[in-house]
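Colleague:
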Amino acid sequence: MLKRLLGLVGASLGLVFWCEYLVYISVIYQCSWPLPVGDYNDSEDGIRAMVLADTHLLGPYRGHWFDKLRREWQMHRAFQTAVGIFQPEVVFFLGDLFDEGMWVSDEAFQHYVDRFKHLFKVPDAIQVIVVPGNHDMGFHYALAPRLYNRFNQAFNSSSMQIINLKEVTFILVNSMAMHDDGCYLCHSAQVRLKNIADKLDCAQNPSQSKCSNKRISSNTEYSKPIILQHFPMFRESDMVCTDPDSAPQVEKEKPFRPKWDCLSKDSTDTLLSALKPRLILSGHTHHACLVHHQVEKNTEVIPEYSVPSFSWRNRNEPSFFLGIFTRRDYTLSKCFMPRESTVIFTYISGILALVIYSLATICIPTLRQRLRRKQE
Ligand SMILES: [Zn+2]
Numbered sequence: 015m016l017k018r019l020l021g022l023v024g025a026s027l028g029l030v031f032w033c034e035y036l037v038y039i040s041v042i043y044q045c046s047w048p049l050p051v052g053d054y055n056d057s058e059d060g061i062r063a064m065v066l067a068d069t070h071l072l073g074p075y076r077g078h079w080f081d082k083l084r085r086e087w088q089m090h091r092a093f094q095t096a097v098g099i100f101q102p103e104v105v106f107f108l109g110d111l112f113d114e115g116m117w118v119s120d121e122a123f124q125h126y127v128d129r130f131k132h133l134f135k136v137p138d139a140i141q142v143i144v145v146p147g148n149h150d151m152g153f154h155y156a157l158a159p160r161l162y163n164r165f166n167q168a169f170n171s172s173s174m175q176i177i178n179l180k181e182v183t184f185i186l187v188n189s190m191a192m193h194d195d196g197c198y199l200c201h202s203a204q205v206r207l208k209n210i211a212d213k214l215d216c217a218q219n220p221s222q223s224k225c226s227n228k229r230i231s232s233n234t235e236y237s238k239p240i241i242l243q244h245f246p247m248f249r250e251s252d253m254v255c256t257d258p259d260s261a262p263q264v265e266k267e268k269p270f271r272p273k274w275d276c277l278s279k280d281s282t283d284t285l286l287s288a289l290k291p292r293l294i295l296s297g298h299t300h301h302a303c304l305v306h307h308q309v310e311k312n313t314e315v316i317p318e319y320s321v322p323s324f325s326w327r328n329r330n331e332p333s334f335f336l337g338i339f340t341r342r343d344y345t346l347s348k349c350f351m352p353r354e355s356t357v358i359f360t361y362i363s364g365i366l367a368l369v370i371y372s373l374a375t376i377c378i379p380t381l382r383q384r385l386r387r388k389q390e
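When the sequence shown is numbered by this note's numbering, its final residue is 390 and no position is left out of the sequence of numbers.
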């Protein structure tokens, strides 16, 4: 009897260990870095990045405590497993790290930041780069300087930034600063945009007279930039998205509200024509999408990938991107996480099997023994 009881406890622990730990290793192991293309010909070349969006850590107001605990564990486990397996050089978070970042007090915000840094902790050699989302500091209409400054201080972000990693240029855009209505934030973004556009221009054509100005002169070789932002560029709706993990049909049919669901057409055109990017990576919609933009007819087509949410609260099967970026090329692959429905099915089947096993091997024989004793 004791042996059977111990067996039952062992099998229950095994079930939990599989569903809460091993399943992440088994699923994430099936994913791999994308195959190298173009000028990527050496393991030293290019920068290897993981790209995640919309982690939406719950705060004090929304969601049940168990929901919060479960989602945080799932994201923590999946992220740590992925970082351990792939060992990227940089991790990009495309905004909405928090669900209630715009509502919480300064004290609660600090707690939020600490929790984020704990859940998504990486070894010192890996850089973490964050762009803000509307849930981190509020939509444009509600964006107070206090909310903007505290997020920027915590994550070293700004209204717009240019960074160079292994000769690859990335532009980090604060989507809420792209309304161009003259507000303090939008004004700062416009000034920075002009400066970055000049810098890129000087990197491409350094002989121009304006390039003698130290502020815009560039000592790095030109690399067509990659834009990282929270809102997608302007699109009418998600009807154009054909990825298998794009939005459900009902959601696709809803027209996008510019400045809420995506950037306005004007801001999109301004960004595209000033920066002339080769790729855009965005979040916010929680669903996948690949769209192509063009500044003018007969100009280069610019792909934009919407990165789905990394939280199981928003998706049954979250995902993230792995990307290898070089000065001229890039290559991407998408890694899917364990399906929530499969994990729940495994739990239900496992529990049923354990109940049947305990009835057959422990309860029924015990009852029979008691009956026999009564009859004797
Ligand atoms: Zn958002």
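Yeah, the Cβ is synthetic: ideal placement off N, Cα and C, and Gly gets one too. Predicted model only: the values in this text are computed from it and were never measured.
#1: To which residues of the same chain is Ser-57 closer than 6 angstroms at the C-beta, ignoring the five residues directly before and after it?
#2: Apply the 10 Å Cβ neighbour rule to Gly-28 and answer buried if 16 or more other Cβ atoms are within range, or exposed otherwise.
#3: Can you tell me the Cα-Cα spacing of His-201 and Val-144, whole angstroms?
#4: In the DSSP assignment, find the unbroken beta strand (DSSP E) run with Gln-141 in it and report its ends.
#5: So does Gly-152 have its beta carbon nearer than 7 angstroms to some heavy atom of ligand 1?
#6: Shorter than 7 angstroms, the distance from the beta carbon of Gly-109 to the closest heavy atom of ligand 1, or not?
#7: Rank Ser-333, Ala-67 and Asp-120 by C-alpha distance to the C-alpha of Pro-246 and give the top, closest one.
#8: Using the Cα positions of Glu-114 and Cys-45, report the straight-line distance between them to the nearest angstrom.
#9: Which residues in the same chain have their Cβ closer than 7 angstroms to the Cβ of Phe-184, if we skip the five residues on either side of it in sequence?
#10: Nearest-angstrom Cα distance between His-125 and Met-89?
#11: Buried or exposed, going by whether 16 or more other CB atoms sit within 10 Å of the CB of Phe-217?
#12: May I ask whether a heavy atom of ligand 1 can be found less than 7 angstroms away from the beta carbon of His-301?
#13: Can you list, in chain order, the residues of its chain with a C-beta nearer than 6 angstroms to that of Phe-165? Leave out the 5 residues immediately preceding and following it.
#14: Assuming contact is defined by CB atoms lying nearer than 8 angstroms, are Ile-338 and Arg-62 in contact in what I supplied?
#15: Output the boundary residues of the alpha helix (DSSP H) element that contains Cys-216.
#16: Does the Cβ of Asn-398 lie closer than 7 angstroms to at least one heavy atom of ligand 1?
#17: Give a yes or no on whether the C-beta atoms belonging to Tyr-363 and Asn-330 are separated by under 8 angstroms.
#18: Would you check if the distance between the CB atom of Ala-139 and the CB atom of Cys-349 is smaller than 8 angstroms?
#19: Please report how far the alpha carbon of Ser-227 lies from the alpha carbon of Ala-211, in whole angstroms.
#20: Measuring only from the beta carbon, is Gly-115 closer than 7 angstroms to any heavy atom that is part of ligand 1?
Modeller: According to the structure shown:
#1: Caution is warranted here: a pLDDT of 48 is assigned to Ser-57, below 50, making its placement in the model unreliable, and the coordinate value is therefore given only provisionally. None.
#2: By the 10 Å Cβ count, Gly-28 comes out exposed.
#3: Cα-Cα distance, rounded: 21 angstroms.
#4: 141-144
#5: no
#6: yes
#7: Ala-67
#8: 32 angstroms
#9: Excluding five sequence positions before and after Phe-184, the CB atoms of its chain that fall closer than 7 angstroms to its own CB belong to Ile-177, Pro-239, Ile-240 and Leu-242, given in chain order.
#10: Here the alpha carbons of Met-89 and His-125 stand approximately 18 angstroms from one another.
#11: Position check: residue 217 holds Ala in this sequence, whereas Phe was assumed. Ala-217 counts as buried, since at least 16 other C-beta atoms from the protein chains shown sit within 10 angstroms of its C-beta.
#12: no
#13: Pro-146, Asp-150 and Met-151
#14: yes
#15: 198-218
#16: What the structure shows of the chain is the stretch from 15 to 390, and residue 398 is not part of that stretch, so it cannot be assessed.
#17: At residue 363 the sequence reads Ser, which differs from the Tyr that was named. No. Outside cutoff.
#18: no
#19: The displayed chain sequence assigns Asn, not Ser, to residue 227. Computed Cα separation, rounded: 14 angstroms.
#20: Remark: the C-beta of Gly-115 is outside contact range of ligand 1, defined as less than 7 angstroms to any heavy atom.
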